[in-house]
Amino acid sequence: MKWNKFSIKTTTEAEDIIISMLADLGVQGAEIQDKQPLTALEKEQMFVDIMPDMPQDDGIAYVNFYLEEEEDKETIVANVKRELEDLRMFLDIGEGTIEESQTEDKDWINNWKQFFSQFYVDDILIIPSWEDIKIEDQDRIVLHIDPGTAFGTGKHETTQLCIRQLKKYVTEETELLDVGTGSGILGIIALKLGARHVVGTDLDPCAVPAVAENLENNGLGTGACTDITDAEELKNPKFELLIGNIIDDKAVQDHVGYGKYDIVAANILAEVLVPLTPVIVNQLKPGGVYITSGIIDVKEDLIVKTVQDAGLELMEVTRQGEWVSVTARKPEN
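According to numbering that gives the first Met the number 0, the stretch in the sequence shown is residues 0 to 332, in order.
Next comes the structure, spelled out in structure tokens:
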């Protein structure tokens, strides 16, 4: 179906108040477009492969809202215009103009699937659940992954670098900690490689259904622990997921445990690896391996220095394109 889209051109100062005003008028589903820079907290929570480039903030914002064709748009828009003029008396709302257009109702949740198809990382096949495995791939290690709209597919160089390092170091005795687990790609790969148990941490609650679905798609059971309080109710004995910040949350650190992990993997931005590394050393066993990625090549020296300053022994640096993985080991004593 088609929707009538209305865009209010305003200021970043007024955007939240206009959203509230629309809600008071019974208009639901409004969205904000602006160029405000990310806050320090938002940057910290962005466990992504690359930080987006943001245009310079110009103070302009657009508040968009949508009305179905059968709704009385003339009355609603007239009410919005009246409220905007009332706001103008005590707040800078900028132009306060409203532009109308039409947009198609699309299946946004599934549209992204057209951009994700199966691919290989050496002898590992990564394939979405809606594709079939070819006969010639039957003997490969196969990872069925549906990342959804919140997390990556594993196709990025940073994830592939981590996967190749896991192949080198995972054994049947491996206890793995995956920081910034996202859709669970690295943890599930480790289990496929024979690891005994995985603990993942993430800041984004969306990781919970993503990991649970991907565990089920790979025949590894269903369910995952979502926070410390329900740890006793853990439904999946192979993969435990905690939502929280291991860098500065002592409760998360305590629950994850100290000196117990053979491998810690962190495919996170270099800016996050800097404060994470001296903390995560405490989670590693003596002799444990620390696998990092998400590092643009110009930050390689920074992360090498970071792991060495934390008392870790540099083992190797691997590269793919402009991305780098740094692997280090905790001394035996």
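Every residue, glycine too, gets a C-beta built ideally from N, C-alpha and C.
Query	Result
Since Leu176 and Val271 are thought to touch, with beta carbons under 8 Å apart, how far apart are those beta carbons, to the nearest angstrom?	Rounded, the Cβ-Cβ distance is 15 Å, inconsistent with contact.
Have a look at Lys304, Thr170, Ala211 and flag the residue whose alpha-carbon is nearest the alpha-carbon of Gly183.	Ala211
Residues in its own chain within less than 7 Å of Thr180 by CB, not counting five upstream and five downstream?	Gly186, Gly199, Thr200, Asp201, Ala206, Val210, Leu240
What do you get for Trp322, buried or exposed, if any count of 16 or more other CB atoms within 10 angstroms of its CB means buried?	buried
From the DSSP output, read off the bridge partner residues of Val288.	Ile262, Arg328
Pro51 to Leu268, Cα distance in whole Å?	Residue placement at Pro51 is flagged as unreliable, the pLDDT there being 49, under the threshold of 50; a coordinate-derived value is accordingly withheld.
Does DSSP put Ile132 in a helix, a strand or coil?	coil
May I have a chain-ordered list of the beta strand (DSSP E) segments no shorter than 3 residues that lie completely inside the stretch 235-283?	238-242, 260-266
Apart from the five residues on each side of it in sequence, which residues of its chain come closer than 8 Å, Cβ to Cβ, to Arg87?	Gly95
From Val169 to His143, what does the alpha carbon distance come to, in whole angstroms?	19 Å
My assumption, with CB atoms under 8 Å, is that Glu98 sits in contact with Gly320. Please give the rounded CB distance.	The pair is not a contact, with the Cβ atoms about 41 Å apart (cut-off 8 Å).
Going by Cα to Cα distance, which pick from Glu68, Pro285, Val120, Ile134 is closest to Ser100?	Glu68
Would DSSP call Asn63 helix, strand or coil?	strand
Select from Val26, Asp85, Phe89, Asn78 the residue whose C-alpha is nearest the C-alpha of Asn63.	Val26
Does DSSP put Leu301 in a helix, in a strand, or in coil?	helix
Buried or exposed: which applies to Thr158, given that a residue is buried once 16 or more other Cβ atoms fall within 10 Å of its Cβ?	buried
Would Lys334 and Asn3 be called neighbours here (beta carbons separated by less than 8 Å)?	Limits of the chain in this structure are 0 at one end and 332 at the other, which puts residue 334 out of reach.
Report the residue from Ile31, Ala22, Leu24 whose alpha carbon sits nearest the alpha carbon of Glu14.	Ile31
Quick one: what does DSSP say Gly95 is sitting in, helix, strand or coil?	coil
List the residues that DSSP assigns as beta-bridge partners of Glu315.	Thr326
If you compare alpha carbons, which of Asn78, Asp91, Ile242, Gly258 is closest to Ala60?	Asp91
Just how far apart, CA to CA, sit Lys237 and Ala327?	25 Å
Classify Thr102 as buried or exposed, calling it buried when 16 or more other Cβ atoms lie within 10 Å of its own Cβ.	exposed
Quick check: what's the CA-CA separation for Thr10 versus Glu331?	58 Å
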